[in-house]
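Taking the working numbering, the leading residue of the sequence shown gets 110, the next gets one more, and so forth. Glycine residues also receive a C-beta, built at the ideal position from the N, C-alpha and C atoms.
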Amino acid sequence: MKTIFRYLLIIAVVVFFLGVLPVIYPPSALVIYPVLTILGCYLGWLASKNGCKNDD
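Written out as structure tokens, the structure is:
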């Protein structure tokens with residue numbers, strides 16, 4: 110359970126800081142949002158894969 114909260118915190122910080130850039134320079138959203146989507150899918154897959162091994 111601690112692992113999931115850690116990944117959620119990392120994702121929240123990344124979204125917060127990178128979410129400011131599309132407001133300043135809108136075309137950057139074409140790069141940032143797909144990268145965040147791929148990162149979120151990877152971290153979710155990694156957390157679910159490790160969730161079976163750990164007894165959190």
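### Query
Thinking C-beta only, is I120 closer than 7 Å to G153?
no
### Query
When DSSP labels each residue in this structure, what does V129 get in the three-state scheme?
coil
### Message
Looking at chain D, is there any beta carbon in it that lies within less than 7 Å of the beta carbon of I133?
### Response
Absent here is chain D; the protein component of the structure consists of one chain.
### Query
Does the distance from the C-beta atom of P143 to that of S137 stay below 7 Å?
no
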